[in-house]
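Inspection log for the structure reproduced underneath, given as structure tokens.
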Amino acid sequence: MKKIRGRLFLLIALAVISLIISLPSFPSLYQPLPDWMKQVLSDRGLALGLDLQGGVHLVLEVEEDRAVEIAVDRSRKALEDLKTDEGLPIEAVAREGTNSLLLTLADGDEAKTTVTQEMEDGFPGFELKESSGATVTYELVLEEEARIKDSAINQALETIRNRIDEFGVAEPLIQRLGRNQIAVQLPGVKDPERAKDLIKKTALLEFKLLDESKVALELPPQIEKGQEEQIRKEFEGRLPEGSEILFENVIAEDGVGSFSLPYLIKKDTALTGDVLQDARVTIGEFNEPIVALTFDSRGGQEFERLTSENVGKRMAVVLDGTVYSAPRINTKISGGRAIIEGTFTTSEANDLAVVLRAGALPAPMKTLQDLTVGPSLGKDSIEKGIRTLSIAGCLVLIFMIIYYRLSGVVANLALALNLIGLLGALSGLNATLTLPGIAGIILTIGMGVDSNILIFERIREELRLGRPVRLAVDGGYDKAFLTIVDSHVTTLITGLALFLFGTGPIKGFAVTLCLGIAINLFTALVGTKVVFDLFNRKKLQRLSI
Amino acid sequence: MLEIVGKTNIDFMGRRQIALGISGILGLLGLIAVIQIALGSANLGIDFAGGTAVQLKFDKALPIESARTVLTKHGLDEAELQEFPQDNKLLIRVKTETTIEEAISDKIIQVFRDEFKGHQFEIDSSTSIGPTIGQKLQTDALVAIVLSLIGIIVYIAARFEFRFGVAAAIATFHDVLAVLGIFYVLNIEITLLVVTALLTLAGYSLTDTVIVFDRIRENLRQRRRQAIETIINNGINQVLSRTLVTTLTVVLVLVPLTVFGGEVLHDFSLALLLGVLIGTYSSVFVASPLLLIWPGAEGKLLSRGK
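Residue numbers (the numbering used here), protein chains in the order written: chain A, 1 to 545; chain B, 546 to 851.
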């Protein structure tokens, strides 16, 4: 009853502050603001969820075992190089399982000591597991394996981040989930399929020499799409050791239909894409888009050595296991440049350049979850959401005025204050508004109305007992107070449980519900009371309720 | 003073046998639904079961039968189809236990591109969820439900008495079961959104129950001499107008949401709408009679009400 002015001031301040905080959520209102206000206010307001503006949500899992295999293979390759270059006394080295190397020692007493020494000095990540006769098994140390897995995930995160930066998406969200999962959220992407390809492409670029032995001549010049497996089966067992069949996709000359060109290619990778410095799209001599590569200094030297040693042979450019081109090396290529030709459109060439610049993923990724919402559905949902909100809101407002007259108007004012407060709170927290979030708002509207109904019904009871207006109002509020607190707290408990353990859409719902309930509690118990107290200063004989 | 119901004096407790029958049927349906979910044969959404859903928006109507024929032809005979004729939308769902690496969504889109050259379409949405994520969501939802139930019982037990907490929890559980049962009968898919709706209606039904209990407790403090049944009946009658008016306003909100909210919100709002109606019923006919049924309650029920 006392200090009406103080409470009134509090309410108005709440409304004004909420309105100001929510300004950044409306670009058309935010833009014309003077600069000093823009500096005070955050430039981010309420964000729209994927379901409202369209976009992509992916959960990817890094295939860690593949990352370990790749690392072990790298050591295997290094050991083979040591054998050819420095005469390390081994006959052969092979990867066994995911994380072990199987070494076959050369004859001679010294072999074992030399190899053991070399493994200890050069490959500290491995430990001796088993040794019987001429074969020795080395296994990755557990910590080393864990480190490889961990760095694979970090590298994947970094690579995806780079790719998305290059692709250009406003406010992407890329985060690690649990130990080996990565969540990627791209709100408002216009071409979701292209964005997904860009993220998921391993982009392992390899330069490999063609195997030009006799078998290669038996391969058919071109095959129908879909027959790749059949060809592989047909030649199984007849292929030279260390070679495999890979295919190039070619579009038929008439522009319709496509087919595959088989190549016999050496499995050993001569050079990989990690020595790239840059990749750009340029236009080739037939006006077709090509990707021009620039190697870093080490890559340039390697490429020069490789081409000078293999003049006259053919070298394939292989990306993720698909051949893009297989030109013949006419002369030594120095200067550290190469090109990738292929049958791609300009945007495909652009995407390829992006992924090559951003680097390859350390291991393939598995998709665990893929939610894609097209921009049109998002627009539909917003329109329907707003339309529904208006219809529902109007119905409730009209009902309250019909049923409770002037008091209904007061309740409606409280409802408006509720919505403004909620909007301010959501904007201030930079919360994301989703469709379930809108449903949460609608529900809090319902609860807000309920609080007022409870109070009004109590006041009516008091009035029926013949109490004067002022006492009836005070009594109504007093008696409804605990009921309102109890009912709000129980709903808040549900809301909090949903917030803590819910995921995605459930969380969005819980946020609006919890905030809405808290604001409700305030407006119901303080907000409307002030107005009634104001009425009572006039010493009313009758209350319009 | 406009009133829907004036001062009433209805003998709610006297009709508790009828209510018991209705609730029994509803609860039974719910239990069957729960068992079906546990057995994995219920209509679980792909967010829980794992799988792929693609929604396409065509420029002109596409007969659902020809879509089905074409999908079967391409080995997608497990696909479930649902159409939203007013917008020429078609929802194709494939539930799979395997990984989503096969890119079923791409396959479905390709099939429609190749087979219906005369129909242009936009991809409204595509969702693929691996079984591991589905499992995690199931566990998360279950944890959220159990925790909120425990939290609620503890709070009400602290504010009222233990038996009030239990009665409120049973009534709430009854409402969730009933809606689940009705959804099972109507063969509506249980998605993450529907579960959200179930939790919300649990909150709402609880609010309702708390308000009735609150009034019963208040009456107990004032009129200790009256028979328990009368006290409970009076309490319910006193808050009846509030109960009906509130339910009416919430229904006013939910009906437009169910009708115009679009396909995404339809099931969600329907669950809430059913829940609100059942929640109102249960606070009067389930929660309150439970206070009478409680063993040893006869005569001294609530006498400790602070």
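All C-beta atoms, glycine included, are put in the ideal place defined by N, C-alpha and C. Treat the numbers as computed from the prediction; the structure is a model and nothing was measured.
key: Pair within 8 Å by beta-carbon distance, GLU96(A) and THR137(A)   = A contact, by the Cβ cut-off of 8 Å.
Outcome for PHE707(B) when other beta-carbon atoms lying within 10 angstroms are tallied against a minimum of 16 = PHE707(B) should be labelled exposed.
request  = Compile a chain-ordered list of the residues in the segment 801–814 of chain B whose CB is closer than 7 Å to at least one CB of chain A.
outcome  = From the segment 801–814 of chain B, only PRO801, LEU802, PHE805, GLY806, GLY807, VAL809, LEU810, PHE813 have a Cβ closer than 7 Å to chain A.
inquiry  = Starting from HIS488(A), trace the alpha helix (DSSP H) in both directions and tell me its first and last residue.
reply    = Per DSSP, the unbroken alpha helix (DSSP H) holding HIS488(A) starts and ends at 469–501.
message = I need the straight-line Cα distance from VAL250(A) to PHE126(A), nearest angstrom please.
response = Distance from the CA atom of VAL250(A) to the CA atom of PHE126(A), rounded to whole angstroms, is 44 Å.
request  = Give me the Cα-Cα distance between LYS605(B) and GLY596(B), rounded to the nearest whole angstrom.
outcome  = Going by C-alpha positions, LYS605(B) is about 27 Å away from GLY596(B).
ask   = Any C-beta of chain B sitting closer than 8 Å to the C-beta of LEU377(A)?
value = Yes, contact with chain B.
request  = Measure the CB-CB distance between TYR729(B) and LEU574(B) and report whether it falls below 8 Å.
outcome  = Yes, they are a contact pair.
query = Of all the CB atoms in chain A, is at least one closer than 8 Å to the CB of LYS662(B)?
reply = Contact with chain A is absent for LYS662(B), since none of that chain's Cβ atoms lies less than 8 Å from the residue's Cβ.
query = Going by beta carbon distance, what residues of the same chain come within less than 8 Å of ILE90(A), once the five residues before and after it are set aside?
reply = Once the five neighbours on either side are set aside, the close Cβ partners of ILE90(A) are LEU79, LYS83, LEU103, THR104, LEU105, ALA106, ALA111, VAL115.
query = To which residues of the same chain is VAL526(A) closer than 8 Å at the C-beta, ignoring the five residues directly before and after it?
reply = If you ignore the 5 residues before and after VAL526(A), its C-beta comes within less than 8 Å of the C-beta of ARG7, LEU10, LEU11, all in its own chain and listed in chain order.
inquiry  = Buried or exposed, going by whether 16 or more other CB atoms sit within 10 Å of the CB of LYS634(B)?
reply    = Burial call: buried.
key: Min CB distance ARG787(B) to chain A below 8 Å   = Output row for ARG787(B): interface = yes.
ask   = How would you list, in chain order, the residues of chain B whose beta-carbon sits under 7 Å from the beta-carbon of GLY321(A)?
value = Around GLY321(A), no beta-carbon contact reaches into chain B at under 7 Å, the shortest distance being about 15 Å.
task = Report yes if the C-beta distance between ILE4(A) and ASP474(A) is below 8 Å; otherwise report no.
result = Cβ distance not < 8 Å, so ILE4(A) and ASP474(A) don't count as in contact.
key: Positions along the segment 174–189 of chain A whose CB lies within less than 8 Å of some CB in chain B   = Within the segment 174–189 of chain A, contact with chain B at the beta-carbon level (separation under 8 Å) is assigned to no residue.
inquiry  = At the level of alpha carbons, what is the spacing between ARG305(A) and ASP211(A)?
reply    = Rounded to the nearest angstrom, the gap between the Cα atoms of ARG305(A) and ASP211(A) is 19 Å.
Closest Cα partner of ILE517(A) within the set LEU454(A), LEU422(A), GLY335(A), SER260(A) = Selected option, being the one with the closest Cα: LEU422(A).
query = Who are the near neighbours of LEU454(A) in its chain, counting only those whose CB is closer than 7 Å to its CB and skipping five residues on each side?
reply = Correct list, in chain order: ALA480, THR483, ILE484.
task = Quick one: residues in its chain with C-beta nearer than 6 Å to the C-beta of VAL739(B), no 5 flanking neighbours on either side, listed in chain order?
result = Sequence-distant Cβ neighbours of VAL739(B) in its own chain, meaning closer than 6 Å and more than five residues away, are ASP812, ALA816.
request  = Give a yes or no on whether 8 Å exceeds the smallest Cβ distance from LEU682(B) to chain A.
outcome  = So yes, LEU682(B) belongs to the interface.
key: Inter-residue Cα distance where the pair is ILE777(B) and ILE756(B)   = Those two C-alpha atoms are separated by around 13 Å.
query = Which residues in the same chain have their Cβ closer than 6 Å to the Cβ of VAL599(B), if we skip the five residues on either side of it in sequence?
reply = ILE637, SER650, ILE653, SER671, listed in sequence order.
request  = Figure out for me which residue from LYS313(A), ARG542(A), MET400(A) has the closest Cα to the Cα of ILE549(B).
outcome  = Put simply, of LYS313(A), ARG542(A), MET400(A) the residue whose alpha carbon is nearest the alpha carbon of ILE549(B) is MET400(A).
Length of the line joining the Cα atoms of ALA13(A) and LEU513(A) = Rounded to the nearest whole angstrom, the C-alpha separation of ALA13(A) and LEU513(A) is 23 Å.
message = Between which two residues does the beta strand (DSSP E) holding PRO672(B) run?
response = Pro is not the amino acid found at residue 672(B); the sequence shown has Thr there. Boundaries of the beta strand (DSSP E) harbouring THR672(B): 666–674, taken from the DSSP string.
task = Report the partner residues of ILE517(A) according to the DSSP bridge assignment.
result = BP columns for ILE517(A) are empty, so no partner.
message = Let me confirm a value: GLN680(B) is counted as buried when at least 16 other C-beta atoms fall within 10 Å, else exposed. Which label applies?
response = Residue burial is scored here from C-beta neighbours: GLN680(B) has fewer than 16 other C-beta atoms within 10 angstroms and is therefore classed as exposed.
ask   = Using the rule of at least 16 other Cβ atoms within 10 Å of the residue's Cβ for burial, across every protein chain shown, is ASP556(B) buried or exposed?
value = Note on ASP556(B): under 16 other CB atoms within 10 angstroms of its CB, so exposed under the neighbour-count rule.
Per DSSP, the bridge partner or partners of LYS266(A) = LYS266(A) is bridged by DSSP to SER243(A).
ask   = Which residues in chain A sit within 9 Å of THR752(B), going by Cβ to Cβ distance?
value = Residues of chain A passing the Cβ test: MET447, ASP450, ASP486, SER487, HIS488, THR490, THR491.
ask   = If you measure beta-carbon to beta-carbon, which residues of the segment 666–678 of chain B are closer than 7 Å to chain A?
value = Cβ contacts with chain A: GLU667, ILE668, ASP669, SER670, SER671, THR672, SER673, ILE674, GLY675, THR677, ILE678.
request  = Can you tell me which of VAL318(A), PHE456(A), ALA316(A) puts its alpha carbon nearest to the alpha carbon of THR528(A)?
outcome  = Taking only the C-alpha atoms, the option nearest THR528(A) is PHE456(A).
ask   = Given that a residue counts as buried once 16 or more other Cβ atoms are within 10 Å of its Cβ, and exposed if not, what is PRO24(A)?
value = Buried is the call here.
query = So, does the CB of LEU443(A) fall closer than 8 Å to a CB anywhere in chain B?
reply = True, the Cβ-Cβ gap to chain B drops below 8 Å.
task = Use the C-beta contact count for MET558(B): other C-beta atoms within 10 angstroms, 16 or more gives buried, fewer gives exposed.
result = MET558(B) comes out buried.
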